[in-house]
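Residue numbers (the working numbering): 1 to 107.
Virtual Cβ for every residue (Gly too), placed ideally from N, Cα, C.
Structure, rendered in structure tokens:
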């Protein structure tokens, strides 16, 4: 039998709906319960680009009246510096574009 002292990671892909997002984290709805303290990578399209960041689950609560639906709060981890494809960078860019007077039109 072969053994190793190296760590391994078991990953699974989950669908989620983002409810709220900022440069520091987000609130999402998912059909799977996530353990507080669990870490993962969030991949998110913003506009025409795709962004990703590592996260840690800080809260997971069932949605009242909706079986098998959970609200999950995560904070983005600084495992890498903020870069062009990080969610932290994408959210900052999107926010600054919305602050531009030409970004929003009311009709």
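Alpha-carbon to alpha-carbon, residue j and residue i
i	j	result
residue 29	residue 87	18 Å
residue 47	residue 5	42 Å
residue 78	residue 53	9 Å
residue 20	residue 35	20 Å
Burial state of residue i, where buried means 16 or more other Cβ atoms lie within 10 Å
i	result
residue 14	exposed
residue 17	exposed
Cβ-Cβ separation, residue j to residue i (assumed contact under 8 Å), whole Å
i	j	result
residue 141	residue 90	In the structure as shown, the chain starts at 1 and stops at 107, and residue 141 therefore has no counterpart that could be examined.
residue 66	residue 27	Going by Cβ atoms, the distance from residue 66 to residue 27 rounds to 15 Å, so no, they are not a contact pair.
residue 32	residue 70	7 Å
Delimiting residues of the beta strand (DSSP E) encompassing residue i
i	result
residue 45	39–46
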